[in-house]
Ligand SMILES: Nc1nc2c(ncn2[C@@H]2O[C@H](COP(=O)(O)OP(=O)(O)OP(=O)(O)O)[C@@H](O)[C@H]2O)c(=O)[nH]1
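Numbering (the UniProt record's numbering), first residue to last: 1 to 283.
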């Protein structure tokens, strides 16, 4: 995955989405539960205005539950329906249909008044690269994937996946780009592993992990390593190197190896369930 977005590329992707959005009732936007704001696209609210909105906080298995609850309230207060999930599992997929029905109840009601019965809700999955769009579509569709053919009045080539009798999903998710001109956003995307490490080298990224842990989850460091709040970030990484046997040929603690180890453990959830962006910092 890379972020080789060029202005032409972005304009084209945006135009495509503006076209596709005309066909749907509901926008299902995936965000990364660890960075619910940095993993959003700044244009989606404009593109998706007048549509029913559902935010799926994906990768919730890696996020801090308490923070996810705060973020759910935050988004709900802004009028979105919200649900947290691990798109790799089928758990909760049935619940998503219920939430979709609830989110679109005005449309269902409107159809009923007009005498239209059983017209499925049409939805489209959108989100930045690597947020889990394809994984979600596959899990949600499960075994019952049935692509419905082109329908009259629908742009040729569009394929819909029928989800039970009530929902149809556009089979290709809409890829949006993050606010990557914002350095902080780039850093956070790199932290969770959604953009290549080249944006920062792994040594720098490891220092950022330590800063985050010191600020938000000091217990994680204190429980594992012989450090206190005054220990400098770099020294903590040397301490990790010694403690975890990251030793260079000259028998010195290997900073680089420890940095990679720390980042891997952070991204995989081995260090614990960690949310990088906390709601209270944005209210
Ligand atoms: N831990 C965890 N990993 C997930 C979850 N959902 C997706 N992943 C992983 O995240 C990675 C990206 O998932 P994709 O489904 O390819 O993401 P995408 O949004 O379709 O990506 P693009 O095709 O780049 O736009 C894969 O390695 C998935 O296994 C989740 O809920 N939890």
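Positions of the beta carbon are idealized from the N, C-alpha and C atoms, including for glycine.
Status (buried if at least 16 other CB within 10 Å, exposed otherwise) for residue i
i, result
"residue 144", "With a pLDDT of 44 at residue 144, under the threshold of 50, the predicted position of this residue should be treated as unreliable, and no value is reported."
"residue 25", "buried"
"residue 16", "exposed"
"residue 228", "exposed"
"residue 77", "exposed"
"residue 210", "buried"
"residue 130", "buried"
"residue 42", "exposed"
"residue 106", "exposed"
"residue 268", "exposed"
"residue 290", "Residue 290 cannot be examined here, being either before or after the span of the chain that is shown, 1 to 283."
"residue 83", "buried"
"residue 155", "With a pLDDT of 47 at residue 155, under the threshold of 50, the modelled position of this residue cannot be trusted, and the question is left open."
"residue 234", "exposed"
"residue 53", "buried"
"residue 44", "buried"
"residue 96", "buried"
"residue 183", "exposed"
"residue 277", "buried"
"residue 32", "buried"
"residue 161", "buried"
Expected contact under 8 Å - CB spacing of residue i and residue j to nearest Å
i, j, result
"residue 103", "residue 81", "4 Å"
"residue 273", "residue 64", "5 Å"
"residue 241", "residue 203", "Actually they do not touch by this definition, with Cβ atoms about 12 Å apart."
"residue 173", "residue 133", "4 Å"
"residue 167", "residue 100", "6 Å"
"residue 34", "residue 270", "Wrong, their Cβ atoms sit about 14 Å apart, outside the cutoff."
"residue 90", "residue 142", "6 Å"
"residue 185", "residue 29", "Wrong, their Cβ atoms sit about 16 Å apart, outside the cutoff."
Identified DSSP bridge partners for residue i
i, result
"residue 163", "167"
"residue 366", "For the chain, the structure presents residues 1 to 283; residue 366 sits outside this window and is missing."
"residue 123", "26 and 169"
"residue 175", "127"
"residue 213", "Looking at the DSSP assignment, residue 213 forms no beta bridge with any residue, so it has no partner."
"residue 7", "In DSSP, residue 7 forms no bridge with anything."
"residue 84", "57"
"residue 292", "Residue coverage of the chain in this structure runs from 1 to 283, which leaves residue 292 outside it and unanswerable."
Cβ-Cβ distance between residue i and residue j below 8 Å
i, j, result
"residue 71", "residue 93", "no"
"residue 128", "residue 60", "no"
"residue 21", "residue 55", "no"
"residue 140", "residue 124", "no"
"residue 13", "residue 175", "yes"
"residue 236", "residue 255", "no"
"residue 208", "residue 187", "yes"
"residue 135", "residue 87", "yes"
"residue 206", "residue 247", "no"
"residue 51", "residue 120", "no"
"residue 169", "residue 137", "yes"
"residue 225", "residue 243", "yes"
"residue 122", "residue 23", "yes"
"residue 37", "residue 282", "yes"
Check: residue i C-beta below 7 Å from any heavy atom of ligand 2
i, result
"residue 59", "Absence of ligand 2 from the depicted structure is noted, with ligand 1 being the only ligands included."
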